[in-house]
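Protein chains in written order, with the numbering used here: chain D, 655 to 865; chain R, 655 to 865.
Here is the structure we will look at, set down as structure tokens.
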DNA sequence: GCAAAAGTGTTTTAGATACACCCATGA
DNA sequence: TCATGGGTGTATCTAAAACACTTTTGC
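Structure follows, in structure tokens:
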């Protein structure tokens, strides 16, 4: 994610079919690796992306004709990279705003939209923001990340309170000086846990309280 | 599900490896079908189960040594059958309480537990109860189903209110006479929608209200 | 009449939103 | 001293849980 929008990393296909179209990075599963190891390897080898803070399975896409030629079953993943990773990606690879994806190869467009959907729901009931944010961040920076991912303006006030009440945020004591236009220095926060945790397990039907 | 517990349909393996152990029904994917079509076909052919009210992907299990011999990648599903389906299953197939599963083949025990986890969360924020209940049911019958699936006693009062407020329940006007021990006749309800719907989309971070 | 089961009314609690206000800084 | 952005205090809203109470039946 960069510049206030949610972005997906795509690369241009160098082979038929769908030569020249944008596609999600990936490749064949080896016999000695599981699917998560495989996708991490592919991202490292093919697009030099090693700093994923979170990787999770999305779904299997298996319609027989989803790819021309011999049948290909794909396990799709959602992988998240913090907003401060250097954007150096290889030639023929680039980040694309999810709101206006280019024409993609195969079903990669709908896979991307499903990934966004998954991210959006997890932002609500987990601490998954840790995977989008740098290690240290101000609340307004975090607000921008959440707003971009969710597609609507999030209130910084409430974001801070909700995440704090849930124990997801930790204060560092450090601050950042204001810009030219002034304003109070912003405090720097961290996520308390690294690794996804469900922070709001019972949206309803909670077990009876034990008091 | 039957008799107040959550149950899984397992069949005894007739072949090595793990001959005689209980395993989840399934089989190889054909070239002309997607994974959901495939699992529905296997359930129909192998264990004569055709009345699934809901089927959804769980996850891919792909650890290289999860099955002895040549590598097998499995796409696991959660499939739900209403409580009133006749329990006629073939020889060597039977329903097992998930709380005390027998020794299973391969990783089928952990797959089953993951399925239960998925079901439990979806009971909270969707109308997925429709897939566990008969077409017509009393609130106390529904309460028993929810209680068995969730593993704790659900209040009939609050269950009715929550599902009603969310628009998931519909009244039918019909009632059921009480048993020998008396009591007020119970009203029969239906689920308003057949097909899973998210009924509580925003556990948090709802978009600003448009008023 | 009384026990049993179903269902409703009402209070309480918890987690979130909304919004007014105070704080710390640059120019 | 004033505009600006950061942060807190407090009221309000909403969904759910908790529980007292009423309804309708069998015996």
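Think of the CB as a built atom: it goes at the ideal place given N, C-alpha and C, for glycine as much as any other residue.
Item	Value
Quick check: what's the CA-CA separation for residue 721 (chain D) versus residue 760 (chain D)?	6 Å
Would you kindly check if the distance between the Cβ of residue 842 (chain D) and the Cβ of residue 829 (chain D) is under 8 Å?	yes
If the cut is a Cβ gap below 8 Å, which residues of chain D does residue 711 (chain R) touch?	713, 714
From the DSSP output, in three-state form, read off residue 681 (chain R) for me.	coil
Please classify residue 685 (chain D): is it buried, with 16 or more other beta-carbons within 10 angstroms of its beta-carbon, or exposed?	exposed
With which residues is residue 666 (chain D) paired in a DSSP beta bridge?	D:676
Taking its Cβ as the centre, do 16 or more other Cβ atoms sit within 10 Å of residue 728 (chain D), making it buried, or is it exposed?	buried
My output table needs one value for residue 729 (chain R): the three-state DSSP class, helix, strand or coil.	strand
Going along chain D in order, which residues have a C-beta closer than 9 Å to the C-beta of residue 771 (chain R)?	Under the 9 Å cutoff, chain D gives no residues; its nearest Cβ is about 11 Å from residue 771 (chain R).
Tell me, to the nearest whole angstrom, how far the beta carbon of residue 746 (chain R) is from that of residue 666 (chain R); I am working on the premise that it is less than 8 Å.	5 Å
With a CB to CB cut of under 6 Å and the five nearest residues on each side skipped, what residues in its chain are close to residue 656 (chain R)?	Confidence at residue 656 (chain R) is low in this model, with a pLDDT of 49, below 50, so its placement is unreliable and the value that follows should be read with caution. There are no such residues.
How is the beta strand (DSSP E) around residue 878 (chain R) delimited, first residue to last?	Only positions 655 to 865 of chain R appear in the structure, and residue 878 (chain R) is not among them; the question remains open.
For the pair the stretch 789 to 808 of chain D and the stretch 695 to 705 of chain D, tell me if three or more CB-CB distances fall below 8 Å.	no
Under 8 Å between the Cβ atoms of residue 803 (chain D) and residue 823 (chain D)?	no
Determine whether the Cβ of residue 685 (chain R) lies closer than 8 Å to any Cβ atom of chain D.	yes
Using a 10 Å radius around the Cβ and a threshold of 16 neighbouring Cβ atoms, would you call residue 839 (chain D) buried or exposed?	exposed
Strictly below 9 Å CB to CB, what residues from chain R border residue 688 (chain D)?	714, 715, 716, 717, 718, 720, 727
Going by the DSSP bridge assignment, what does residue 734 (chain R) pair with across the sheet?	R:708
Residue 778 (chain D) by DSSP, collapsed to three states: which one?	helix
To the nearest angstrom, how far is the alpha carbon of residue 835 (chain R) from that of residue 777 (chain D)?	50 Å
Considering only residues of the same chain and omitting the five flanking positions on each side of residue 807 (chain R), which have a CB-CB separation below 7 Å?	801
Just to check my reading of the structure: residue 726 (chain R) and residue 711 (chain D) have Cβ atoms closer than 8 Å, yes? What is that Cβ distance to the nearest angstrom?	The pair is not a contact, with the Cβ atoms about 17 Å apart (cut-off 8 Å).
By how many angstroms is the C-alpha of residue 817 (chain D) removed from the C-alpha of residue 799 (chain D)?	14 Å
Buried or exposed for residue 730 (chain D), going by 16 or more other Cβ atoms inside 10 Å?	buried
With respect to the beta strand (DSSP E) encompassing residue 755 (chain R), which residues constitute its N-terminal and C-terminal limits?	Element bounds for residue 755 (chain R): n/a, residue is neither H nor E.
Below 8 Å CB to CB, which residues in the same chain sit around residue 705 (chain R) once its five sequence neighbours on both sides are set aside?	735, 736, 739
Do you know how far the Cα of residue 723 (chain R) is from the Cα of residue 767 (chain D)?	37 Å
Tell me residue 840 (chain D)'s beta-bridge partners as DSSP assigns them.	D:830
Starting from residue 798 (chain R), trace the alpha helix (DSSP H) in both directions and tell me its first and last residue.	793 to 804
Using CA coordinates, which residue listed in D:797, D:853, D:827 is at the minimum distance from residue 819 (chain D)?	D:853
May I have the straight-line CA-CA distance separating residue 751 (chain R) from residue 661 (chain R), to the nearest angstrom?	4 Å
Are the beta-carbon atoms of residue 689 (chain D) and residue 716 (chain R) separated by less than 8 Å?	yes
Are there 16 or more other CB atoms within 10 angstroms of the CB of residue 783 (chain D), so buried, or fewer, so exposed?	buried
By a C-beta neighbour count over all protein chains shown, 10 Å radius and 16 as the cutoff for buried, is residue 668 (chain D) buried or exposed?	exposed
Could you say which of D:815, D:810, D:770, D:780 lies nearest to residue 659 (chain D) if we only look at CA atoms?	D:770
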